[in-house]
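Scroll down for the structure; my scribbles are underneath it.
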Amino acid sequence: MTNLWWQDAVVYQIYPKSFKDSNNDGIGDIKGIISKPDYLKDLGVDVLWLCPVYRSPEVDNGYDISDYLDINPKFGTMEDMDRLIRQADQRGMKIIMDLVINHTSDRHPWFLESKDKTGPYRNYYYWREDDGKGTPSNWTGFFGGKTRSKDPDTGDWYLHLFSKEQPDLNWHHPAVMEEIKSVMKFWPDKGIAGFRYDVINVIWKDSLENGRFKLILKGSEHYLSRPGSHEILKALRKDVLSRSDCFTVGETVFITPEEARKYTLPEKKEPDMIFYFEHMETDQILVKWFKRKFRPERLFKTLIKWQKELPWNANYLENHDRPRSVSRFGNVEKYWRESAKMPGMLLMTLRGTPFLYQGQELGMTGFVFHSMEDIKDVESIQIEALAKKLLIPEKLRKKIIFSTSRDHARTPFQWSDQKHAGFSESTPWIKVNRNYVRINQENQSKDPDSVFAFYKRLIAFRKKSTALKEGSFTPLYYDKKTFIYERNHEQESLLVLLNFSDKPSKVKYAGECLLSNYNRKTFDGMLHPWEGILLSTTPR
Ligand code: ISL
Ligand code: CA
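Here the numbering used here is used: position 478 in the sequence shown is 478, and no number is missing along the way.
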């Protein structure tokens, strides 16, 4: 079967707050994105995914929406948004929006209205009157701590799986479905090509009963990947999305391949793809705050499993919630350039749609945090507070937060070696990584051997390779550091060889290189440290 348009696309994720500031208030904005279309076009990406740009009090940087049909004034206006869509279209690029429908902001008019016990909005959220017995539930939330808060205005309790400023929508109430449907008609009518659904496998709550004993996410048996979530996704697709040539990718937390198949097999008619997290968890124990040494073998095994289990994957190595990949999987000190490029080859040669996160194409690295003042992320702040409550010593708390914070991925994009990395002329909302003088777009766009140049080559290669876009995936070999697989499509066969280590690796293949992050023309069977090689095995 030939691919659908979004299966041939390379998606580039933009975190608007940190991409480019056009009016020098220290905050990235839509006009900033508008000022860089040629950069994105030059890189070769087809779709831009914008993290939320809706009106929002920004407790969770836009993942707390107070108006789904308007733009956050800090990011610009609806006219700016229309211009961005038009401008992208002129260059053959499409835009997808981030859609958060598990919860809204506590400033959303629906929530404000729902405080009225007898009003028409009451059932938009999960309210419970106070019975004097304390918190009405033992569930634990995603940001640590409880999932019920008492509204100071009414004294009633409401449910929130994330921060208390993000109350969960009650999808049992039919009006919620109708509201979201109209939101999802509005944006495609404007020219938006699809949606990334935020935490989509938790939107349906079977019940609000207390949860069984569990170390993490107590209560999640009542809402993780429940049948009700499938009903909702089917309805949204049938009644709204099928009207245009949109695609959707659902973020799914704590998902197994078996569950993922139920969401994404084409005949299910739900989201087209999902983001899973298992490969992001190969350097952690239980939760991401407890790190263990990264063992490449675990990453290879996990990727093979998902490549085999799903006919089509949404592949990614970075996003706005996870530390930078070169700092996690590579060697930033000794082999920064090589170990920033090689995982790019992995991403662009797996079967599925590749999602690239802003700055990954420059090999942007993790941040070195010194103080909690440097941390802006609500999750990090709440986890730190929880750890403090649990009497975890300050030094350990800092170690945990500084190594795992979502802010690693949120530092300003490094455009140049100018002050503030060319992101803004005034102090950015979050600190710039000190290495911007060395790692920046201006440098790299001029350098044929840069990380950027290599990503560009990878993307261009993928575009003309049917084996990479449509072909089958066959793992051939992996060990503690080496990963070898084949991609096949009728007349075209490609071999991908990757070395995830500081040591050379001997393999039993050799031949002419189609691509190499060491710029080799021929391969003799010995991979250099952090080398990625693409060979042709097509019979002549
Ligand atoms: O990685 C996580 C699980 O421990 C969390 O950081 C993350 O909150 C989770 O993956 C869900 O993420 C999405 O929804 C959140 C928002 O804060 C994230 O930015 C978003 O990607 C709530 O809307
Ligand atoms: Ca700005």
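We put the beta carbon where it would ideally sit given N, CA and C, even for glycine.
Report yes if the C-beta distance between residue 354 and residue 345 is below 7 Å; otherwise report no. no
May I ask whether a heavy atom of ligand 2 can be found less than 6 Å away from the beta carbon of residue 96? no
Is residue 482 near residue 450, with beta carbons less than 7 Å apart? no
Please classify residue 496: does DSSP put it in a helix, a strand, or coil? It is a strand residue.
Check whether the Cβ of residue 63 lies closer than 6 Å to any heavy atom of ligand 1, and answer yes or no. Within the cutoff, so yes.
Under three-state DSSP, which class holds residue 146? strand
Does DSSP classify residue 310 as helix, strand or coil? coil
Less than 8 Å between C-beta atoms, sequence neighbours within five positions excluded: which residues of the same chain meet that for residue 108? 65, 66 and 67
Buried or exposed: residue 106, going by 16 or more other Cβ atoms within 10 Å of its Cβ? buried
Residue 187, enclosing alpha helix (DSSP H) - first and last residue: Residue 187 -> alpha helix (DSSP H) spans 174-189.
Taking only three categories from DSSP, how would you classify residue 12? strand
What is the DSSP secondary structure of residue 549, reduced to helix, strand or coil? Limits of the chain in this structure are 1 at one end and 540 at the other, which puts residue 549 out of reach.
Member of 300, 418 and 27 whose CA lies at the smallest distance from the CA of residue 474: Restricting attention to 300, 418 and 27, the CA atom closest to the CA of residue 474 is found in 300.
Do you know whose CA, among 49, 181, 491 and 366, lies nearest residue 96's CA? 49
For residue 62, count the other beta carbons within 10 Å of its own beta carbon; 16 or more makes it buried, fewer makes it exposed. Which is it? buried
With DSSP as the reference, identify every bridge partner of residue 473, one or two as the case may be. 487
Taking only the alpha-carbon atoms, compute the straight-line gap between residue 200 and residue 103 and give it to the nearest angstrom. 11 Å
If we count the other Cβ atoms within 10 Å of its Cβ and call it buried at 16 or more, is residue 383 buried or exposed? buried
Within the continuous alpha helix (DSSP H) that includes residue 85, where are the two ends? 78-90
State whether the region 195-213 contacts the region 164-181, with contact taken as three or more CB pairs (one from each stretch) at a distance under 8 Å. yes
Assess, as a yes-or-no matter, whether the region 431-445 is touched by the region 458-477 under the definition of 3 or more beta carbon pairs within less than 8 Å. no
When we look at the beta-carbon of residue 32 and count the other beta-carbons within 10 Å, is it buried (16 or more) or exposed? buried
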